[in-house]
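Sequential numbering from 0 applies to the sequence shown in numbering that gives the first Met the number 0.
For each residue, glycine too, the CB sits at the ideal point set by N, CA and C.
A short worksheet on the structure shown next.
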Amino acid sequence: MFKNILRNLEKKKLKSKRFESLFETPPPNEYVSLDCETTGLNPKKDEILSIGAVLIKDNKILMRQTFNIFVKPSKLINPESIKIHHLRQTDLENALEPEIAIFQLLNFIGSRPIVGYYIEFDIAMISKYTKKIIGVKLPNEAIEVSGIYYDHRKKIANNGFLDLKFDTIMKYLNIPFLGKHDALNDAIMTAMMFLKLKNLAQSK
0 MFKNILRNLE KKKLKSKRFE SLFETPPPNE YVSLDCETTG LNPKKDEILS IGAVLIKDNK
60 ILMRQTFNIF VKPSKLINPE SIKIHHLRQT DLENALEPEI AIFQLLNFIG SRPIVGYYIE
120 FDIAMISKYT KKIIGVKLPN EAIEVSGIYY DHRKKIANNG FLDLKFDTIM KYLNIPFLGK
180 HDALNDAIMT AMMFLKLKNL AQSK
């Protein structure tokens with residue numbers, strides 16, 4: 000009940016009724032797996048460069064319903080950060096203005112829960128933009144795949160250190176790597192992780 004009160008208070012902060020649908024009950028058995036490439040790891044000062052997402056419905060990844068955009072940064076990319084996100088200035092020549100990119104993303108996500116790997120960071124980055132553009136932080140439920148993996152392994156393994164690296168989880172779940180490291184591929188691989196872990200949990 001208290002959670003609903005907080006959501007209603009947030010909903011009232013919206014600058015436009017156009018996005019009230021973000022607060023609606025999500026469609027059953029639907030999720031969006033999402034990943035962002037950014038200029039750095041500080042949501043307060045860094046910016047989003049690209050966003051990739053894919054729709055998950057009824058235990059299937061809908062490859063025909065993907066989202067993949069580049070976002071125009073406010074300044075030139077630091078050459079050092081290119082080593083991390085692999086995006087050059089030339090890759091962003093046709094990038095969208097942040098406001099347009101965020102509007103398109105919100106229309107794609109709707110009220111669905113968002114699945115991701117360390118998704119708290121991605122949501123913090125996106126929320127920096129949504130707070131400014133529509134008046135509220137991203138209100139969607141967040142589902143962390145590394146947390147699901149941790150819970151799964153803790154049930155079957157002895158107490159001790161658990162490696163939660165992306166590649167480690169992929170290898171454990173026997174999920175194929177898609178090659179090129181970018182936001183959309185990472186979102187698709189994360190969706191595969193989520194479904195495999197979800198099915199493992201249901202089979203217990």
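How about residue i and residue j: do their beta carbons lie closer than 8 angstroms?
i: LEU196; j: HIS151; result: yes
i: PHE66; j: PHE107; result: yes
i: ASP45; j: GLY51; result: no
i: LYS132; j: GLU98; result: Residue 132 is actually Ile in this sequence, not Lys. Cβ atoms of ILE132 and GLU98: closer than 8 angstroms.
i: GLY115; j: SER20; result: no
i: GLU143; j: ILE168; result: no
i: ALA141; j: ILE113; result: yes
i: ALA13; j: GLY134; result: For the sequence presented, residue 13 should be read as Leu rather than Ala. Their beta carbons are under 8 angstroms apart, which means LEU13 touches GLY134 by this criterion.
Is DSSP giving residue i helix, strand or coil here?
i: LEU105; result: helix
i: PHE160; result: coil
i: GLY39; result: coil
i: ALA94; result: coil
i: ARG63; result: strand
i: PHE176; result: coil
i: SER145; result: helix
i: GLU119; result: helix
i: ASP150; result: helix
i: ASP185; result: helix
i: LYS56; result: strand
i: ILE99; result: helix
i: ILE76; result: coil
i: ILE133; result: coil
i: SER32; result: strand
Determine the burial state of residue i: buried for a count of at least 16 other Cβ atoms within 10 Å of its Cβ, exposed for fewer.
i: LYS74; result: exposed
i: ALA100; result: buried
i: LYS154; result: exposed
i: ALA156; result: exposed
i: LEU183; result: buried
By Cβ distance below 8 angstroms, which residues in the same chain neighbour residue i in space, the five residues on each side in sequence not counted?
i: ARG6; result: PHE22, PRO138
i: ASN198; result: ASN58
i: LEU95; result: ILE68, PHE69, VAL70, LYS71, GLN103
i: LEU61; result: VAL53, LEU54, ILE55
i: LEU163; result: SER145, TYR148, TYR149
i: GLY178; result: ASN184
For the ligand SAH, is there a heavy atom less than 7 angstroms away from the beta-carbon of residue i?
i: VAL53; result: By its list of ligands, the structure shown contains no ligand whatsoever, and the ligand SAH lies outside what it can speak to.
Please list, in chain order, all residues of the same chain as residue i whose beta carbon is under 7 angstroms from its beta carbon, the five residues on each side excluded.
i: LYS56; result: ASN28, GLU29
i: GLN88; result: LEU75, ILE76
i: ARG111; result: PRO25, PRO26, GLU29, TYR30, VAL31, ASN139
i: PHE165; result: TYR116
If you drop the 5 nearest sequence neighbours on each side, which residues of the same chain put their C-beta closer than 6 angstroms to that of residue i?
i: ILE47; result: CYS35, THR37, VAL70, MET124
i: ASP185; result: ASP34
i: ASP181; result: none
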